[in-house]
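The structure under discussion appears below in the form of structure tokens.
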Amino acid sequence: MLIRGVALLAACYVIGQLIGETLGRLLHIDANVGGVGFAMLLLILSQNWLEQRGRFHLEMQEGVLFWSKMYLPVIVAMSATQNAKLALSSGLVALLAGVVPVFVCLAIMPLIAKLNPKPE
Amino acid sequence: MDYITTVLVKNGLIVAFLVTGLLMIAAEYLSKILTNKKIPGSAIAIFSGLVLAYFAGVATGGSKGIADIKVLSGFELMGGAMFRDFTIVSTAMGVSFGIIKKTGLAGVVSLLVGVVLSFFAGALIAIAMGYHDAASITTIGAGACTFVVGPVTGTAVGAGSDVVAISIAAGVVKSILVTIGTPLMARFIGLNTPQSAMIYGGLMGTTSGVAAGLAATNPKLVPYGAMTATFYTGLGCLLCPSALFLLVKVFFA
Chain L
0 MLIRGVALLA ACYVIGQLIG ETLGRLLHID ANVGGVGFAM LLLILSQNWL
50 EQRGRFHLEM QEGVLFWSKM YLPVIVAMSA TQNAKLALSS GLVALLAGVV
100 PVFVCLAIMP LIAKLNPKPE
Chain G
0 MDYITTVLVK NGLIVAFLVT GLLMIAAEYL SKILTNKKIP GSAIAIFSGL
50 VLAYFAGVAT GGSKGIADIK VLSGFELMGG AMFRDFTIVS TAMGVSFGII
100 KKTGLAGVVS LLVGVVLSFF AGALIAIAMG YHDAASITTI GAGACTFVVG
150 PVTGTAVGAG SDVVAISIAA GVVKSILVTI GTPLMARFIG LNTPQSAMIY
200 GGLMGTTSGV AAGLAATNPK LVPYGAMTAT FYTGLGCLLC PSALFLLVKV
250 FFA
């Protein structure tokens, strides 16, 4: 059933959010620490687990796939709701503090990429 | 005519689906006839979204882009954090766990380097532009991480509301720059493998920017970049008001 896939995704999402919020509270910070990341790991692991038991059906997969294809439209909607006016009109400090770190981090990227084991 | 507005507002989310669909069809068409598909339709769609958000912001004076226009208020839900995170999580299906494990170390390093480096770059700019108190410098440095880290840090260290506003703006600038810049820079920084996407997500950290930028570059890379980026804001909220603030305080009492 399609809804099983959606429900699986929803379960991973909710549990991930709860883990992220709990972690934030334990660390005494007012933020969700990696909620999305934990949810993604849960989805990957539960998919593997179900596949090994032959319980991950095509229709279930389609329930998740629909949402992953809705991803791009959601991102388009998200960019249409950004405070773009604030970004363009907020003065030099904000512009520089937003732009310069991006380029500094880009410059360092090749160095960190060297930590990767070479693909054989 | 009022009843038309009422119907559209009442069905806000569905209207947002419709308008986004039309926007993406138009973007796909422009990509084909203007750029011969050299610039992907998704990149044009995301960029036009930002442009529309800008003009809506100018017209309405609000802070939520086109969602401040009454009949398009459904965009707040469709483009909000819930749908964004839900769809990002769904992209993890079919992701290789092996690659994530293998890139784990580089991912963690990129997160730490990304937060600390962005913070200091932002802090140095604050100092150069004439801020000399530890709370303001720290808050602007935190804003250079993401637009969540800035206000969270500003509140924690007791910065003024004008400085907090600057830190939010810096984070928004960063997120928009990463959105537009990622597809343009991808070729020059070797952003073409899941491993490099994980490092990129860790370095940039702005989940919305990384997710949108990678979507316009290569949708297959999205889950890997989002995976590390989602830890960035938490790490920033952890480090900026604590260790990094204390470090700034050593130099600026």
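Chains as they are written, first to last, in numbering that gives the first Met the number 0: chain L, 0 to 119; chain G, 0 to 252.
C-beta: ideal position from N, C-alpha, C; glycine also.
Per-residue DSSP class, three states only, for residue i
i: K173(G); result: helix
i: D132(G); result: coil
i: R3(L); result: helix
i: F251(G); result: coil
i: K37(G); result: coil
i: L104(G); result: helix
i: Q81(L); result: coil
i: M69(L); result: coil
i: T227(G); result: helix
Alpha-carbon to alpha-carbon, residue j and residue i
i: V57(G); j: V107(G); result: 40 Å
i: D1(G); j: I68(G); result: 15 Å
i: L190(G); j: V209(G); result: 12 Å
i: S160(G); j: L123(G); result: 20 Å
i: E119(L); j: I98(G); result: Confidence at E119(L) is low in this model, with a pLDDT of 42, below 50, so its placement is unreliable and the value that follows should be read with caution. If I take the Cα positions, the gap works out to 13 Å.
i: A211(G); j: F244(G); result: 31 Å
i: R24(L); j: K31(G); result: 49 Å
i: A185(G); j: S45(L); result: 32 Å
i: L12(G); j: L21(G); result: 14 Å
i: A120(G); j: I136(G); result: 11 Å
i: L105(L); j: Y28(G); result: 32 Å
i: I165(G); j: R54(L); result: 51 Å
i: G235(G); j: G149(G); result: 9 Å
i: G15(L); j: V88(G); result: 10 Å
i: P256(G); j: I38(G); result: With chain G covering only 0 through 252, there is no way to say anything about residue 256(G).
i: F85(G); j: F251(G); result: 42 Å
Check: residue i C-beta below 6 Å from any heavy atom of the ligand NAD
i: V98(L); result: With respect to the ligand NAD, the structure shown offers nothing to examine, as it has no ligands at all.
Any chain L beta carbon closer than 7 Å to residue i
i: K63(G); result: yes
i: A285(G); result: Residue 285(G) lies beyond the stretch modelled for chain G, which goes from 0 to 252, so this question has no answer here.
i: C236(G); result: yes
i: M128(G); result: yes
i: V108(G); result: yes
i: Y223(G); result: no
i: L243(G); result: no
i: S41(G); result: yes
Residue-chain proximity (residue i, chain G), Cβ-Cβ < 7 Å
i: E119(L); result: A caution first: E119(L) carries a pLDDT of 42, below 50, which makes its placement in the model too unreliable to give a value.
i: V73(L); result: yes
i: L26(L); result: yes
i: G97(L); result: yes
Neighbour-count burial assignment, residue i, 16 or more Cβ in a 10 Å radius
i: V50(G); result: exposed
i: Q51(L); result: exposed
i: G129(G); result: exposed
i: R83(G); result: buried
i: A242(G); result: exposed
i: A125(G); result: buried
Task: Residues within the region 104-117 of chain L neighbouring chain G, beta-carbon criterion of under 8 Å - done: The residues in question are C104, L105, I107, M108, P109, I111, A112, L114, N115, P116.
- [ ] Pull out every residue of the region 67-93 of chain G whose Cβ sits closer than 7 Å to any Cβ of chain L, in chain order.
- [x] Listed in chain order, the positions of the region 67-93 of chain G with a beta carbon within less than 7 Å of a beta carbon of chain L are F74, E75, M77, G78, F82, R83, D84, F85, T86, I87, V88, S89, T90, A91, M92.
Open item on the list: Against chain L, which members of the region 173-188 of chain G pass a CB distance test of less than 9 Å?
Closed with: Taking 9 Å as the Cβ-Cβ cut-off against chain L, the residues of the region 173-188 of chain G that qualify are K173, S174, I175, L176, V177, T178, G180, M184, F187, I188.
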